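Visitor: Note that the working numbering has the sequence shown beginning at 17, numbered continuously upward.
Input: one structure, supplied below.
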Amino acid sequence: MAHINIVLLEPEIPANTGNIGRTCVAAGASLHLIEPLGFSISEKQLKRAGMDYWDKLDVKTYINYEDFLNKNPGAKIYYATTKAPRMYTEAEFEDDCFIMFGKESAGIPEKILYENQDTCIRIPMLEDIRSLNLGNSAAIVLYEALRQHGFDHMQGTGSLREYEWK
17 MAHINIVLLE
27 PEIPANTGNI
37 GRTCVAAGAS
47 LHLIEPLGFS
57 ISEKQLKRAG
67 MDYWDKLDVK
77 TYINYEDFLN
87 KNPGAKIYYA
97 TTKAPRMYTE
107 AEFEDDCFIM
117 FGKESAGIPE
127 KILYENQDTC
137 IRIPMLEDIR
147 SLNLGNSAAI
157 VLYEALRQHG
167 FDHMQGTGSL
177 REYEWK
């Protein structure tokens, strides 16, 4: 069963983090939050965006980037950035890898990106667009990682109920 980790480096907007948390629950992924956060984890907006799923979320917090690295030694980390030369679909996401996204206003710091160029990935978009919404970006890349693993632990089919037209 494949497991993916989503990492938010200094997220600023509680609704984005709540939405990403809900997506993580649906995907069986873990969420890692690196401080400082632009909100409190108990904030209403965060809970509202995550709805009633927040208590089912595997979430860990870290005091800074170095703390995250120290507590996850040897982790394979992909850095999502608009500055990457390689598309996210070109990465081969390993089981238990980490996919990191930066804060909404600035992304991942250049120093971190420079030191990890081989694992920087991007979502393609039109040239004049600065970036996608953080929640959308996390969902796009997370579900590509899950697709690569054949959605092996997820419900892949559904069924429609009989409907009577009135």
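All residues carry an ideal CB built from backbone N, CA and C; glycine is no exception.
All values derive from a computational prediction rather than experimental measurement.
Return yes when the Cβ of L158 is within less than 8 Å of the Cβ of A31, no when it is not.
Guide: By the CB criterion at 8 Å, A31 and L158 fall outside the cutoff.
Visitor: Applying the criterion that 16 or more other CB atoms from any shown protein chain within 10 Å of the CB defines a buried residue, is K72 buried or exposed?
Guide: Classification for K72: exposed.
Visitor: Let's test the definition: count the other Cβ atoms within 10 Å of the Cβ of P27 and tell me whether it reaches 16, buried, or not, exposed.
Guide: buried
Visitor: If you follow the beta strand (DSSP E) that K76 is part of, which residue opens it and which one closes it?
Guide: V75 to Y78
Visitor: Taking only beta-carbon atoms, is A42 less than 8 Å away from chain D?
Guide: No chain D is present in this structure, which holds just one protein chain.
Visitor: Got a sec, what are the start and stop residues for the alpha helix (DSSP H) N132 sits in?
Guide: N132 -> no alpha helix (DSSP H), and no H or E assigned at all.
Visitor: Below 8 Å, can you find three or more Cβ-Cβ pairs linking the segment 94-108 to the segment 77-84?
Guide: Fewer than three pairs of CB atoms, one per stretch, sit closer than 8 Å, so the segment 94-108 makes no contact with the segment 77-84.
Visitor: Would you give the residue range spanned by the alpha helix (DSSP H) that L158 belongs to?
Guide: L150 to Q164
Visitor: Which partner residues does K119 have in the DSSP bridge list?
Guide: G123, per the DSSP bridge assignment.
Visitor: Can you tell me whether N21 is buried or exposed? The criterion is at least 16 other CB atoms within 10 Å of its CB, across all chains shown.
Guide: buried
Visitor: Going by DSSP, name the residue or residues bridged to N32.
Guide: Note: N32 sits in no beta bridge, so no partner.
Visitor: How close, in whole Å, do the beta carbons of T33 and L25 come, if the pair is a contact with beta carbons under 8 Å?
Guide: The Cβ separation is near 12 Å, so there is no contact.
Visitor: For S58, count neighbouring Cβ atoms within 10 angstroms of its own Cβ and tell me buried if that reaches 16, exposed if not.
Guide: exposed
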